[in-house]
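Chemist:
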Amino acid sequence: MGAALLASWPWDNLGFYKYVLYGPLVGKAVASRAWEAASPDRWILVLLLLFGLRALTYQLWSSFSNMLFATRRRRVVRHGVDFHQIDKEWDWDNFLILHVLMAATAVYAFPSLRHLPLWPDDARGLAVAVLVHAAATEPLAYLAHRAFHHGASGRLYARYHALHHSTPVPQPFTAGLATPLEHMALGALMALPLAAACAAGSGSVALAFAYVLGFDFLRAMGHCNVEVVPSSLFRAVPVLRYLIYTPTYHAIHHTKKEANFCLFMPLFDLLGGTIDQQSWDMHKKMSAGVDEVPDFVFLAHVVDVMQSLHVPFVLRTFASTPFSVQLFLLPMWPFAFLVMLAMWVWSKTFVISCYNLRGRLHQIWAVPRYGFQYFLPFAKDGINKQIELAILRADKMGVKVLSLAALNKNEALNGGGTLFVNKHPDLRVRVVHGNTLTAAVILNEIPKGTTEVFLTGATSKLGRAIALYLCKKRVRVMMMTLSTERFQKIQKEAPAEFQQYLVQVTKYRAAQHCRTWIVGKWLSPREQRWAPPGTHFHQFVVPPIIGFRRDCTYGKLAAMRLPKDVQGLGACEYSLERGVVHACHAGGVVHFLEGYTHHEVGAIDVHRIDVVWEAALKHGLRPA
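Anchor point for the sequence shown: position 522 equals 522 in the UniProt record's numbering, and the numbering is continuous, going up by one each time.
(1) Report the three-state DSSP secondary structure of Met-1 (helix, strand or coil).
(2) Which residues mark the beginning and the end of the beta strand (DSSP E) in which Ser-353 is found?
(3) Would you report the Cα separation of Leu-240 and Cys-262, rounded to the nearest angstrom?
(4) Can you have a look at Val-453 and say buried or exposed, based on whether 16 or more other CB atoms are within 10 angstroms of its CB?
(5) Does DSSP put Arg-622 in a helix, a strand or coil?
(6) Nearest to Thr-321 by alpha carbon, out of Val-581, Lys-257, Gly-272, Val-345?
(7) Quick check: what's the CA-CA separation for Asp-121 versus Val-205?
(8) Please report the straight-line C-alpha distance between Tyr-574 and Phe-51, rounded to a whole angstrom.
(9) So, are the CB atoms of Gly-416 and Lys-409 less than 8 Å apart?
(10) Mapping the DSSP letters down to three states, classify His-582 as helix, strand or coil.
(11) Tell me whether Leu-523 sits in a helix, a strand or coil according to DSSP, three-state version.
(12) Strictly by DSSP, which residues pair up with Leu-50?
(13) Flag this pair as touching only if the stretch 19 to 28 and the stretch 41 to 51 have three or more C-beta atom pairs under 8 Å; answer yes or no.
(14) In the structure shown, what three-state DSSP assignment does Ala-106 receive?
(15) Is Pro-544 near the ligand GTP, with its Cβ less than 7 Å from a heavy atom?
(16) In terms of alpha-carbon separation, which member of Ala-559, Gln-539, Ala-259, Pro-532 lies closest to Asp-551?
(17) Which partner residues does Ser-8 have in the DSSP bridge list?
(18) With DSSP collapsed to three states, give me the class of Ala-129.
(19) Starting from the Cα of Leu-413, find the closest Cα among Glu-445, Thr-436, Pro-377, Ile-391 and give me that residue.
(20) So Asn-260 packs on Ile-275, CB below 8 Å; how close in whole Å?
(21) Is the stretch 80 to 97 close to the stretch 170 to 182, with three or more CB pairs under 8 Å?
(22) List the residues that DSSP assigns as beta-bridge partners of Val-432.
(23) Are the CB atoms of Val-76 and Pro-247 within a distance shorter than 8 Å?
(24) Can you give me the C-alpha to C-alpha distance between Lys-257 and Ile-609, rounded to a whole angstrom?
(25) Return the CA-CA distance between Leu-116 and Ala-123, expressed in angstroms with no decimal places.
(26) Closest by CA to His-585, which one among Ala-439, Thr-535, Tyr-508, His-607?
(27) Please work out which residues of its chain come closer than 6 Å, Cβ to Cβ, to Gln-363, disregarding the five sequence neighbours upstream and downstream, and give them in chain order.
(28) Is the beta carbon of Leu-482 closer than 8 Å to that of Thr-506?
(29) Would you mind giving the Cβ-Cβ distance between His-161 and His-150, rounded to the nearest angstrom? I have them listed as a contact below 8 Å.
(30) Looking only at C-alpha atoms, which of Ile-446, Asn-435, Asp-395, Ala-158 sits nearest to Pro-425?
(31) Using the Cβ count rule (16 or more neighbours within 10 Å means buried), how would you classify Ser-279?
(32) Is Val-399 buried or exposed, if buried means 16 or more other CB atoms sit within 10 Å of its CB?
(33) Thinking C-alpha only, which one of Leu-140, Glu-138, Asp-565, Tyr-370 is nearest Thr-349?
(34) So, does the CB of Pro-331 fall closer than 8 Å to a CB anywhere in chain B?
(35) Ser-8: buried (16+ other C-beta within 10 angstroms of its C-beta) or exposed?
(36) Give me, in chain order, the residues of the same chain whose beta-carbon lies closer than 6 Å to that of His-133; leave out the 5 immediate sequence neighbours on both sides.
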């Protein structure tokens, strides 16, 4: 059987180039200088502005919906938005293209619409529009919605409306996830009040903007999955519950599908006998807020101003892809910079993402500090204070494991987390730096049969663990360090029979014949030139080194792919692929899944590297 008529968008295969469909309108606006008051095609500019504001309305509601630090207690459906849903809703704005084409056609069919006044003379047009909306648009939308669910023995639902219900978590962009037939019907219903106002001689551009943007505002609000209407309002004025729906009310329709069909006014569900009886009790509960305690928290930090834009509450689609600097980010940089300054002053840890693993809630929190701030001497105490407050907050909430991201566990900053554990010996939350698994990932990347490696950052926490592990495998480790004292201290930790495999070097030229470099310290182009052709650079340096050598290969930071049963994950961790997290993040996950009761802070226990690696594989994590 072929596809149903008007069940798919004719420009589905165009991808980003679908916006060329705006081309004729934009071209005509430019050709006729539509921005001039005397231009006969000024209406085109007004139309394009309206549809730009419509898109912005949905984007702003999406940003609000994904501000978990502000909305997590009042989320109706508690699941995270995953990559599958984001991809399905990627082209959510198809209906805006359809509606602008419908509007342009209407203007050409009725030339008088081109000459509508900018402002109305009185409020009569608004009154007519509101009356027609309540008397015609609302009941017709209610009947059409019920028909799409039950019409023709369910065939309408299967062919058309099932798409709208195919995503588990209502989002503002879900409002756009529907078939062309549904959006054509919706566009016609939206036009009724405006047509009535124009027929009454009270139409205006301002009325069109107010009604259409108000319509979109309510649709986006209903799909936002965050309860924003206080229950006290309905207690004070009970009749209002039948005049305006709420995100909870509409979310019930998305989860149960057999109730709450109204457009914006539950009055028609009351008249039609389709109100879910739990709607008001659930609304009261969601309005008050529901506490949720994550079992695991990964305490991240911002890398730089550009990367700060790589979060779901800025652009959800961008955050769902590996981070890279894009041209469209440049105009947003000044605003992001101001936000950085505000965050520096405000200094509150915030939730940026969450997902579920084995039925347990995992959250990603962020310390409002940027990468460069970690290297400012005067900022050290302030950063540690923020990390400490996050740990104490997690402990008070009942979080079981808190894992520290790269710079949050810097040895010079807090001794790899030792500072907090020593200061608060009664912590119930387990503090984890995750570096045991990081070391395991790096070590398991080294090809079997390797007999010699060159190690920079050799006396760091990770460098020490890697050197001690490899020497026991009879691999010669050239440890690049100028500190003989620190080298000897590490060498003495190795069993006597393996100490000969640890060799101190002070010049990069010593590695000019070694093709396996493990990089824990930044390498300049001049330093990289000493590597022989064919060298592979394994690395644990933050930020990663830049690959200047075309005749060499460069590994990425140690990372692991989360198990296949992870749910609700919809954001990429920095530049990593979907479903892949840094090894220190994965190390915290393993710590939680295994139920370890010890803190993993300070120096790495070399004897636990293989233990943690096997545990990670057992739980379905895989090297990336």
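A virtual CB, placed ideally from N, CA and C, is assigned to each residue, including glycine.
Modeler: Reading off the structure:
(1) As a first step, residue 1 must be located in the sequence shown, where it is residue number 1. Any reading at Met-1 must be qualified, since the residue scores a pLDDT of 44, below 50, and its modelled position is unreliable; the value itself is stated next. Met-1 falls in the coil class under three-state DSSP.
(2) Start at 1 with the first residue of the sequence shown, and residue 353 comes out as number 353. Counting along the chain, the beta strand (DSSP E) containing Ser-353 begins and ends at 350 to 357.
(3) Taking the sequence shown and counting its residues from 1, the one referred to as residue 240 is at position 240. Taking the sequence shown and counting its residues from 1, the one referred to as residue 262 is at position 262. Straight-line Cα distance between these residues: approximately 14 Å.
(4) The residue given as residue 453 occupies position 453 in the sequence shown. With 16 or more Cβ atoms within 10 Å of its Cβ, Val-453 is classed as buried.
(5) As a working note, residue 622 is residue 622 in the sequence shown. Note: Arg-622 maps to strand in three-state DSSP.
(6) Residue mapping note: residue 321 aligns to position 321 of the sequence shown, counting from 1. Minimum Cα distance to Thr-321 is reached at Val-581.
(7) To locate residue 121, count along the sequence shown from 1; it is residue 121. To locate residue 205, count along the sequence shown from 1; it is residue 205. Taking the straight line joining both Cα atoms gives about 12 Å.
(8) Taking the sequence shown and counting its residues from 1, one reaches residue 574 at position 574. Taking the sequence shown and counting its residues from 1, one reaches residue 51 at position 51. Roughly 32 Å separates the two Cα atoms.
(9) Translated into positions along the sequence shown, residue 416 becomes position 416. Translated into positions along the sequence shown, residue 409 becomes position 409. Cβ distance < 8 Å, so Gly-416 and Lys-409 count as in contact.
(10) On the sequence shown, residue 582 is found 582 positions in, with the first residue counted as 1. Correct three-state label for His-582: strand.
(11) Your numbering for residue 523 matches position 523 in the sequence shown. Residue state, collapsed to three classes: coil.
(12) Here residue 50 refers to the residue found at position 50 when the sequence shown is read from its first residue. Answer by DSSP bridge pairing: none, since Leu-50 is not bridged.
(13) yes
(14) The sequence position of residue 106 within the sequence shown is 106, counting from 1. Ala-106: helix per DSSP, three-state reduction.
(15) What this structure holds is no ligand at all, so the ligand GTP is not there to describe.
(16) Along the sequence shown, read from residue 1 onward, the residue named residue 551 stands at position 551. When only C-alpha atoms are compared, the closest one is Pro-532.
(17) As a first step, residue 8 is located in the sequence shown; it is residue number 8 there, counting from the start. According to DSSP, Ser-8 bridges with nothing at all.
(18) As a first step, residue 129 must be located in the sequence shown, where it is residue number 129. Ala-129: helix per DSSP, three-state reduction.
(19) The sequence position of residue 413 within the sequence shown is 413, counting from 1. Taking only the C-alpha atoms, the option nearest Leu-413 is Pro-377.
(20) Looking up residue 260 in the sequence shown gives position 260. Looking up residue 275 in the sequence shown gives position 275. The Cβ separation is near 7 Å, so the contact holds.
(21) yes
(22) Residue numbering aside, residue 432 sits at position 432 when the sequence shown is read from its first letter. Val-432 pairs with Ser-403, Glu-600.
(23) Walking along the sequence shown from the start, residue 247 turns up at place 247. Walking along the sequence shown from the start, residue 76 turns up at place 76. Against a cut-off of 8 Å, the Cβ pair of Val-76 and Pro-247 comes out as a contact.
(24) Locating residue 257 in the sequence shown gives position 257, counting from the first residue. Locating residue 609 in the sequence shown gives position 609, counting from the first residue. Rounded to whole angstroms, Lys-257 to Ile-609 spans 50 Å at the Cα level.
(25) On the sequence shown, position 116 is the one that residue 116 refers to. On the sequence shown, position 123 is the one that residue 123 refers to. Roughly 15 Å separates the two Cα atoms.
(26) Here the question's residue 585 lines up with position 585 in the sequence shown. When only C-alpha atoms are compared, the closest one is Ala-439.
(27) By 1-based counting over the sequence shown, the position of residue 363 is 363. Only Pro-294, Val-297, Val-351, Cys-354 meet the Cβ criterion.
(28) Counting from one through the sequence shown, the residue named residue 506 turns up at place 506. Counting from one through the sequence shown, the residue named residue 482 turns up at place 482. Their beta carbons are under 8 Å apart, which means Thr-506 touches Leu-482 by this criterion.
(29) For the purposes of this step, residue 161 is taken as the residue at position 161 of the sequence shown. For the purposes of this step, residue 150 is taken as the residue at position 150 of the sequence shown. Between His-150 and His-161 the Cβ distance is about 10 Å, and since that is not below 8 Å, they are no contact.
(30) Along the sequence shown, read from residue 1 onward, the residue named residue 425 stands at position 425. The shortest Cα separation from Pro-425 among Ile-446, Asn-435, Asp-395, Ala-158 belongs to Asp-395.
(31) For the purposes of this step, residue 279 is identified with residue 279 of the sequence shown, where counting begins at 1. The residue is buried, with at least 16 neighbouring Cβ atoms inside 10 Å.
(32) Residue mapping note: residue 399 aligns to position 399 of the sequence shown, counting from 1. Val-399 comes out buried.
(33) One-based indexing of the sequence shown puts residue 349 at position 349. Considering only alpha carbons, the answer is Tyr-370.
(34) Any reference to chain B falls outside this structure, which holds one protein chain only.
(35) Here the question's residue 8 lines up with position 8 in the sequence shown. With fewer than 16 Cβ atoms within 10 Å of its Cβ, Ser-8 is classed as exposed.
(36) Residue mapping note: residue 133 aligns to position 133 of the sequence shown, counting from 1. Pro-193.
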